[in-house]
Amino acid sequence: MNIKVSVGKKSTTIRWQYLGEQKFLRLLGLVSAQYSTAKKVIITMGCDGKIRQLGLDGEQISEFSFCNSDHCRFYTLAASIVSELGVCAVMGHTPELNGERFWQHEIDFEKKELGPPVSKWR
Numbered sequence: 001m002n003i004k005v006s007v008g009k010k011s012t013t014i015r016w017q018y019l020g021e022q023k024f025l026r027l028l029g030l031v032s033a034q035y036s037t038a039k040k041v042i043i044t045m046g047c048d049g050k051i052r053q054l055g056l057d058g059e060q061i062s063e064f065s066f067c068n069s070d071h072c073r074f075y076t077l078a079a080s081i082v083s084e085l086g087v088c089a090v091m092g093h094t095p096e097l098n099g100e101r102f103w104q105h106e107i108d109f110e111k112k113e114l115g116p117p118v119s120k121w122r
């Protein structure tokens, strides 16, 4: 699935095709989006501290908040071959953790939590 993300001054627009129809969702602030092939859903994560799971029709399935502190900040979403979801959160750590700034964190919608760092992101 091809997801297009357009970042504006105050919001981010996410666009995709579903059943021949153009879908879009506008969220406040900077947001990243990834398609989960494993779960057939769209995952969004933003600087607002929210992680969302969306159906392909655009309806929100689930949402939870995560800690976006000065020491561990949201950077982007990325595809993951090791997580059950197939999508991981990339967080920037300050100070660096074991000599690396960017780490992958698993997203768990059942527990509604962002897990600890599991691997370096390159």
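So the sequence shown is numbered by the working numbering: it starts at 1 and just counts up by one. Ideal placement from N, C-alpha and C gives every residue a C-beta, glycine not left out.
Point to revise | S83, DSSP secondary structure in three states | key: coil
Check your understanding: Can you list the beta strand (DSSP E) stretches of 3 or more residues lying completely in the region 36-112, in chain order?
Key -> If we require 3 residues or more, the beta strand (DSSP E) runs fully inside the region 36-112 come out as 41-46, 50-54, 60-65, 72-79, 87-97 and 100-108.
Point to revise | Residues of its chain near R15, where Cβ-Cβ distance is below 6 Å and the 5 sequence neighbours each way are ignored | key: K4 and F24
Exercise for review: Could you tell me whether the Cβ atoms of D48 and L77 are closer together than 9 Å?
Suggested key: Contact flag unset, no.
**Study point:** Rounded Cβ spacing between G46 and L56 (contact assumed at less than 8 Å)
**Key:** About 20 Å separates the Cβ atoms of G46 and L56, ruling out a contact at the 8 Å cut-off.
Practice item. Would you check if the distance between the CB atom of V82 and the CB atom of S119 is smaller than 9 Å? Key: yes
Check your understanding: So what does DSSP say about I3, is it helix, strand or coil?
Key -> In the three-state reduction of the DSSP assignment, I3 falls in the coil class, being assigned neither a helical nor a strand state.
Review point. What residues in its chain sit with their C-beta under 8 Å from that of C67, if we drop five residues either side in the sequence?
Key: If we look at C67 and ignore the five residues flanking it on each side, its Cβ neighbours are G49 and L114.
Practice item. Could you tell me the distance, in whole angstroms, from the CA atom of G86 to the CA atom of E59? Key: Straight-line Cα distance between these residues: approximately 20 Å.
Point to revise | Test item: CB-CB of I51 and F102 under 9 Å | key: F102 sits away from I51, with the two beta carbons spaced by 9 Å or more.
Exercise for review: Could you check which residue in H71, P95, L54 and G20 has the C-alpha nearest to that of F64?
Suggested key: L54
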